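So the sequence lines, in the order shown, correspond to chains A and B. So the first sequence is numbered by the working numbering: it starts at 124 and just counts up by one. So the second sequence is numbered by the working numbering: it starts at 124 and just counts up by one. Have a look at the structure below, then the notes.
Protein chains: 2
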Amino acid sequence: MEEIDRRVARTRRTLHEALIRLIMRKGYDTLTVQEIIDEADIGRATFYAHYRSKDALLRGGFERLRSELKAARQDVRHGGERDPPLTFSFAMFEHACAYRDVYRAMLGGQGSIIAVNEIRRVLSELVKEELPTLGDDDVVPRELMLQFVVGTFLTTLTWCLEKRPKLAPSEANAIFRHLVMQGIGWAIVSDGRQR
Amino acid sequence: MEEIDRRVARTRRTLHEALIRLIMRKGYDTLTVQEIIDEADIGRATFYAHYRSKDALLRGGFERLRSELKAARQDVRHGGERDPPLTFSFAMFEHACAYRDVYRAMLGGQGSIIAVNEIRRVLSELVKEELPTLGDDDVVPRELMLQFVVGTFLTTLTWCLEKRPKLAPSEANAIFRHLVMQGIGWAIVSDGRQR
DNA sequence: TATGATAATGAACACCGTGTTCGGAACAAC
DNA sequence: GTTGTTCCGAACACGGTGTTCATTATCATA
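The following block contains the structure:
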C-alpha cells in the first residue's frame, strides 16, 4: 500500500543524484529537463511520470533538508546547551558546510530563485517556531522580525560560501548572531558624526 | 553623432512601457518576448535589433532608477539634514512608494531574480559609497556589512509592499534603520532567558 | 524639399526544449 | 508463474527563440 516499489525509489534517487551533479557543474537556472534525463539515463516519459517539471524535482529534494534540520534542532534542544532563540542557525551552517558545493551552486552567481525561495521557506518555518520565545516591540512587527532573521541568515551564508569558504560553522554562526542581535549600530556611533 | 534618432528613442520607450505594463499585469518570470512585442506592437526583428533578450530590456530600464537615486541622495546631502550614513534609504522608499505596483510585481510573489539582483546591484553601489563613513569592527567584515544593509533594506521593502501597502516612506525608513542599527537583540534580552 | 542614410517591418526559417502518447519490454509482488 | 505496475524509447504537436532579408517608412541634413 505504501510506495516502496524499488523501481520508483531507484528512479527518483537517480534523478536527484543527477540533478545535484548538474547543479554543481553548471548551476540550476540554465538546466534543462533534457540534460537531467540524459545525465540520469532515464526515459523522458519516466521523468514526467514522477515530476511535473524540473522545479518539482528540486522541491522534492528539499524534503530531506527539512527533516535533517528539524532533527538537528531537536538534538540541540535535548543537549541542553546554552542556546537562546535561533537554535536553527548552527545546524544549518553545519549542513551548508557539509554540502558546500551544492549550496554555493544554488545561492551564488547564477543560482536559482526557486532554490533560494525553497530554502527561505524551510527556514521561515523553523524560525517561526522559535519566535514565540522572543519579546514583542512597538517598532518592528513580529512578521518582519521573522523575515529579518531569515534574510540575515541567508546573507551571511551566501557571503561565507563566496568569500570565506573555509570559515568554520561556529565562526559563521557567531557573526550571524552578532548581526541579528546588534545590527551595525556600533559602527555608526563608534566614530561619531563626521563632516 | 550621438544616438538621438527619434525612431530608436521611440522604439525603446515603447518597449519599456509595454514591459512595465506586462510586469504589473502578470509578473516578469513567465513573460515572453513574444508577449512584449505584441503588447508594444513592435516588430520581432526590431526588438532584437535593440536588445539581446528580455533580461537585457529589463536591465536597461534600471538605468533611470540609478540616476534618480543618485540625484535624490545628492539633494539630501546638500540639504544638510541630519542624515547619518544610509542616506539612500529614504529616497529609495519614496521611489518604491511612487512606483508601488511595479515594485510589488518585481519583488513579491512570482517576482524575478533578475529584477531583485538588479536592484541589489544598484543599491550595493550606492551603499558602498557611504560605507567609508562607517567604523570598522573585528567581528563583521566590511563587505558583509554592505550585504547586510542591502539585504535588510530589501527585506523591509518587500514586507512593506506585501503587508503594509499604506505605510509612509518615512515610517518604513524608521523601521529599516532600527533593524540595521540595533538588530533584534532587545527582543531577546527584554524577557530574559526562559525555560 | 530633395536625398542619402538609417531604422522599422513582417514574413519566413531552423532550432531547441516541452510535455504527452502509446505499445512493448522489464520488473516487483503475490 | 501470473498479475499488475513501472520503465522505456520513439514519435508527436506545440510554442518560444533568435536570425535572415527584401521592402517600406522615417530621419537628419543641406
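Don't be surprised by glycine CBs; every beta carbon is placed ideally from N, CA and C. Keep in mind it's a predicted model, so treat the numbers as computed, not measured.
Asked	Found
Neighbour-count burial assignment, B/A265, 16 or more Cβ in a 10 Å radius	The amino acid at residue 265 of chain B is misidentified as Ala; the sequence shows Arg. Answer is exposed; the Cβ neighbour count stays below 16.
Coarse secondary structure for B/S293, derived from DSSP in three states	helix
Simplified DSSP assignment, three categories, for A/P255	helix
DSSP three-state assignment for A/S313, whether helix, strand or coil	Any answer about A/S313 is weak, because its pLDDT of 41 lies below 50 and its placement is not dependable; what the coordinates show is given next. If DSSP states are grouped into helix, strand and coil, A/S313 belongs with coil.
Burial state of A/I127 (16 or more Cβ within 10 Å)	exposed
Residue of B/C220, B/K251, B/D261 and B/D164 minimising C-alpha distance to B/V273	B/K251
Bounding residues of the alpha helix (DSSP H) (the contiguous stretch that carries B/L307)	The amino acid at residue 307 of chain B is misidentified as Leu; the sequence shows Ile. First-last for B/I307: undefined, no H or E at that position.
Where A/G308 meets chain B, residues with beta-carbon distance less than 7 Å	M304 and Q305
Three-way DSSP call (helix, strand, coil) for A/Y174 in this model	coil
First and last residue of the uninterrupted alpha helix (DSSP H) at B/G150	Segment: none, B/G150 is in no alpha helix (DSSP H) and carries neither H nor E.
Beta-carbon gap between A/A168 and A/T137 smaller than 7 Å	no
Sequence-distant residues of its chain with Cβ nearer than 8 Å to B/T279 (five each side left out)	A295, I298, F299 and L302
C-beta neighbour in chain B for A/F271, strict 7 Å	yes
Contact with chain A by B/V225, beta-carbon distance below 7 Å	no
Proximity to A/L154 [Cα-Cα], best of A/F276, A/R187 and A/D178	A/D178
Through-space distance from B/V239 to B/H139, alpha-carbon basis	17 Å
Inter-residue Cα distance where the pair is B/Q305 and A/G306	5 Å
Segment contact flag, the stretch 275-292 of chain B with the stretch 212-221 of chain B, C-beta cutoff 8 Å, min 3 pairs	yes
B/R227, buried or exposed, once every other Cβ within 10 Å from all chains shown has been counted against 16	buried
Euclidean distance between Cα positions of B/R175 and A/G231	24 Å
Min CB distance B/T169 to chain A below 7 Å	no
Coil, strand or helix - B/T137 by DSSP	helix
Integer Cβ distance of B/E241 from B/L181, believed to fall under 8 Å	7 Å
Enclosing alpha helix (DSSP H) for B/S212 [first to last residue]	F211 to A221
DSSP three-state assignment for A/D128, whether helix, strand or coil	coil
Distance, A/L277 Cα to A/S212 Cα	10 Å
Reference B/R148; option with closest CA among B/M229, B/S190, B/Q157 and B/G184	B/M229
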